[in-house]
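Working notes for the structure below.
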Amino acid sequence: MIEISRQKPKFRFAPSPNGPLHLGHALSAILNHEMAAKAGGDFLLRIEDIDQARCTPDFEAGIFADLAWLGLRWQEPVRRQSEHFPAYQEALQALIGRGLVYPAFLTRGEVKARVTAFEAGGRPWPRDPDGTPLYPPDDRKRDGAERQRLLEAGLRHAWRLDMEKAMAATNGPLHWRESGDGERGDIAADPAAWGDVVLSRSDAPSSYHLSVVVDDAVQGITHVVRGLDLFHATSIHRLLQTLLGLPEPLYHHHRLVLDSDGRKLSKSMGDTGIAEWRRQGLSPAELRRRIGL
249 MIEISRQKPK FRFAPSPNGP LHLGHALSAI LNHEMAAKAG GDFLLRIEDI DQARCTPDFE
309 AGIFADLAWL GLRWQEPVRR QSEHFPAYQE ALQALIGRGL VYPAFLTRGE VKARVTAFEA
369 GGRPWPRDPD GTPLYPPDDR KRDGAERQRL LEAGLRHAWR LDMEKAMAAT NGPLHWRESG
429 DGERGDIAAD PAAWGDVVLS RSDAPSSYHL SVVVDDAVQG ITHVVRGLDL FHATSIHRLL
489 QTLLGLPEPL YHHHRLVLDS DGRKLSKSMG DTGIAEWRRQ GLSPAELRRR IGL
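Numbered according to this note's numbering, the sequence shown spans residues 249 to 541.
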């Protein structure tokens, strides 16, 4: 059973150690730190290192150095997702036991080929809010005997949420409370827009969606403060929280830090990191002004 912490207000900054933190991360970390102080609560640091192939100790050390340079202090111990895989598996098994997830055997290449062939006919394949094609229904429609045969054959697979069954299990519409820089108030969640999302893969024991709701519950997070790029993903998180009987935090999705072309900053695009700004002589106060604080 997932042990849920219920204490004073708690905020968290949860980066992945798969590259240097950039100015967008600085904004999110500082906002969490300042909002926690204003609420008389705690500021926690979580290391989201499920992707063991890309996450490294050097990048993690860089996170600690960058945040300390910014003058931020956090509660110990730091939670590392790589140390809590059994907790995510427990949550997954609970959903499997209720028949709300299914093994998905199609490879990325097979899905891409299916989408390409379909769109060659002039019609668009349905996509999620991030623009990714929804997973085809093949595996959801397999009968139990065929699924078992494929599993026993050792075929690589992911576990996907059966969105139709999951929505039916919620017994009503879902919402979340929002105080951020976009829409505010009581927001209607739309998990179905994401299709049958991945909860676990053969190369990773948990997905971002599953691990984040488990971590927030275990750590007693009362306020989730993060970028607007994750606004729509909150629909999935509210669904999983409801299915797993986890508490609902308050949400605050803040503005993004954009480059001169209006593009969101990204590690994968090699945008200048906090450490590089520091090496160039920028002070913490100057960095704050650069991100509009």
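Beta carbons: idealized from backbone N, C-alpha and C, even for Gly.
Keep in mind that this is a model prediction, so the values were computed, not measured.
By the three-class DSSP mapping on this structure, what secondary structure does residue i have?
| i | result |
| --- | --- |
| Gly447 | It should be noted that the sequence gives Leu, not Gly, for residue 447. Residue state, collapsed to three classes: strand. |
| Ala316 | helix |
| Gln528 | coil |
| Pro257 | coil |
| Ala452 | strand |
| Phe291 | strand |
| Arg346 | coil |
| Arg302 | coil |
For residue i, write down the residues that DSSP places opposite it in a beta bridge.
| i | result |
| --- | --- |
| Ala352 | Ala406 |
| Val473 | His500 |
| His270 | Gly521 |
| Asp230 | Missing from the structure shown is residue 230; the chain here goes from 249 to 541 and no further. |
| Gln323 | Leu292 |
| Lys286 | Per DSSP, none; premise fails for Lys286. |
| Leu506 | Lys512 |
| Arg536 | Looking at the DSSP assignment, Arg536 forms no beta bridge with any residue, so it has no partner. |
| Arg328 | Ile295 |
Out of the options, state which residue places its alpha-carbon closest to the alpha-carbon of residue i.
| i | options | result |
| --- | --- | --- |
| Asp410 | Thr380, Ile435, Gly428, Trp442 | Trp442 |
| Leu318 | Glu282, Gly345, Asp387 | Glu282 |
| Pro421 | Ala437, Leu498, Leu541 | Ala437 |
| Asn453 | Ala416, Pro384, Phe259, Ile298 | According to the sequence shown, residue 453 is Pro rather than Asn. Of the listed residues, the one whose Cα sits closest to Pro453 is Ile298. |
| Arg321 | Tyr383, Gly430, Ala284, Arg302 | Ala284 |
| Gln329 | Ala342, Glu308, Gly345, Gln341 | Glu308 |
| Ala262 | Asn280, Gln255, Leu271 | Asn280 |
| His237 | Arg449, Pro439, Phe312 | No answer is possible for residue 237: the residues shown for the chain start at 249 and end at 541. |
| Ile295 | Leu271, His332, His270 | His332 |
| Asp376 | Arg511, Phe479, Leu293 | Phe479 |
| Arg390 | His502, Pro351, Lys286, Gly493 | Pro351 |
| His471 | Ala481, Leu494, Tyr499 | Tyr499 |
Is residue i near the ligand SAM, judged by its Cβ being under 7 Å from some heavy atom?
| i | result |
| --- | --- |
| Ser427 | The ligand SAM is absent from the structure shown, which contains no ligands of any kind. |
May I have the straight-line CA-CA distance separating residue i from residue j, to the nearest angstrom?
| i | j | result |
| --- | --- | --- |
| Arg432 | Arg327 | 30 Å |
| Ser531 | Ile522 | 10 Å |
| Thr490 | Ile278 | 30 Å |
| Gly267 | Lys256 | 32 Å |
| Ser450 | Val349 | 15 Å |
| Asp434 | Val446 | 27 Å |
| Gly428 | Gly402 | 46 Å |
| Asp562 | His270 | Examination of residue 562 is not possible in this model, given that the chain is present from 249 through 541 alone. |
| Ala417 | Pro372 | 30 Å |
Exercise for review: Only counting runs of 3 or more residues, tell me where the beta strand (DSSP E) segments fall wholly within the segment 368 to 420, in order along the chain.
Suggested key: 406 to 409
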